[in-house]
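Structure, as structure tokens:
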Amino acid sequence: MHIAENSVKEHLEDDGYLSVTWYGGEPLLALDTIYRLSEAFLKIVENKNARYDSMIITNGYLLSRKVTENLKKYKVNRAQITIDGVPEYHDSVRRLKNGNGTFDRILSNIRNAKEIYEEFMISIRMNVGKENVNSFPEFIDKLEEYKIKNKISLGISEIEPHEYLPTQVNDVTFTPEEFSKAYVKLVDMAVERGVPMVVISSNSLAHCSSTKKDSYIIDPDGKLYKCWDVIGNPSECIGEIGKNVKMMDGSLKWLAWDIFKNNKCRECNVLPICMGGCPRKSLVKDEIVNSMDRCNQIRYSIPELIKIMYKQQNLMKKSI
96 MHIAENSVKE
106 HLEDDGYLSV
116 TWYGGEPLLA
126 LDTIYRLSEA
136 FLKIVENKNA
146 RYDSMIITNG
156 YLLSRKVTEN
166 LKKYKVNRAQ
176 ITIDGVPEYH
186 DSVRRLKNGN
196 GTFDRILSNI
206 RNAKEIYEEF
216 MISIRMNVGK
226 ENVNSFPEFI
236 DKLEEYKIKN
246 KISLGISEIE
256 PHEYLPTQVN
266 DVTFTPEEFS
276 KAYVKLVDMA
286 VERGVPMVVI
296 SSNSLAHCSS
306 TKKDSYIIDP
316 DGKLYKCWDV
326 IGNPSECIGE
336 IGKNVKMMDG
346 SLKWLAWDIF
356 KNNKCRECNV
366 LPICMGGCPR
376 KSLVKDEIVN
386 SMDRCNQIRY
396 SIPELIKIMY
406 KQQNLMKKSI
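To get this note's numbering, take the position in the sequence shown, counting from 1, and add 95.
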């Protein structure tokens, strides 16, 4: 941990900005590490008069009242919690070692967390595939039942195929065009029922953090990567924390990624929103990923999504 502290001290400039994301595995299994490093980072930020932002990506199962109070204390102000639909489906893919489900406890934890830490921004990410897409109305019913519908934001993501995933997982994934059609229906339904969500998430000119110079992913062994999805791939490791980063193929290909080199992207009218899509799909050698359509699903649905955004704004005005 001292290595992490020293690295932040060395690289963070005065009046700069430090953004930390706690992830796993399950980061709430390592609370002592989160608390100790957060305390150290907050002191460094204070000494350098820098801005600080901290979020956690968690399954939410261990987000107890006490944990929430400590996250508030250490200024972890955002959380992304993945819930894969209604209890029957979620509990079939995200169950405990003893076979018990996790859905009800997670939603109870979210409700309690918002009572304790009102400013805590919680985003629920629902991964959608062919097996759970049709139960979306019942999922919203559950958000209402637990009285958290208006206290969270909802993000809908596709289950993406990967070379290392079992065939049966890849069989339930959508193509971008299929997901686009499903996404429009789900977003329209969510907006109609008053679920807070961003209809079109614009990356603006910032784009993915993997293409930024001072953005790194640190694995449990202290190895550095540029992207979440390449962790554990030795060919994508760009160094170790506390040591020099390999500014060769590993890191430079991400920093040099240019959306305008692709003719299809350069001529596309959706480019200012999607900014070329996910860099990993262009830069990482993965047989399945490389064969995928790299286009963001909004390419196929932007007129419909703009109409939904207009509807959302009108509904918000009426509720004021």
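Glycine residues also receive a C-beta, built at the ideal position from the N, C-alpha and C atoms.
Item	Value
Alpha-carbon to alpha-carbon, W349 and I326	15 Å
Option nearest L191 by Cα separation, candidates N154, E214, A208 and N227	N154
L240 versus L157 - alpha carbon distance	It should be pointed out that residue 240 corresponds to Glu in this sequence rather than to Leu. For E240 and L157, the distance between alpha carbons rounds to 21 Å.
6 Å Cβ shell around L202 - same chain, five flanking residues per side excluded	Y241
Sequence-distant residues of its chain with Cβ nearer than 8 Å to I211 (five each side left out)	R160, T163, E164 and K167
Segment limits, beta strand (DSSP E) that includes D148	R146 to T153
Residue environment, A351, which counts as buried when at least 16 other CB atoms sit within 10 Å	exposed
Close Cβ partners of S299 (< 7 Å) along its chain, the five nearest in sequence each way excluded	Low confidence applies here, because S299 scores a pLDDT of 47, under 50, leaving its location unreliable; read the following figure in that light. Excluding sequence neighbours, S299 sits near nothing in its chain.
As assigned by DSSP and simplified to three states, the class of N227	coil
Residue nearest to P329 in terms of C-alpha spacing, selected from T270, D316 and K338	D316
Runs of beta strand (DSSP E) wholly within the segment 302-326 (minimum 3 residues, chain order)	318-320
Cβ neighbours of L123 in the same chain (closer than 6 Å, five flanking residues each side left out)	T153 and L157
Member of L347, F136, S346 and D179 whose CA lies at the smallest distance from the CA of H106	F136
Test item: CB-CB of L347 and C332 under 9 Å	no
Per-residue burial, V294 [other beta carbons within 10 Å of its own, 16 or more giving buried]	buried
Neighbourhood of W182 by C-beta distance below 6 Å, restricted to the same chain and skipping five residues each side	For clarity, residue 182 is Pro in the given sequence; the question names Trp instead. Excluding sequence neighbours, P182 sits near F198.
Length of the line joining the Cα atoms of D148 and D353	28 Å
C-alpha gap between S133 and M404, whole angstroms	37 Å
Sub-9 Å separation of Q175 and R220 beta-carbons	yes
Straight-line gap, A145 to V115 (C-alpha atoms, nearest Å)	13 Å
CB-CB length for S187 against N222, believed under 8 Å	Between N222 and S187 the Cβ distance is about 13 Å, and since that is not below 8 Å, they are no contact.
C-alpha distance - S248 paired with M216, whole-angstrom precision	8 Å
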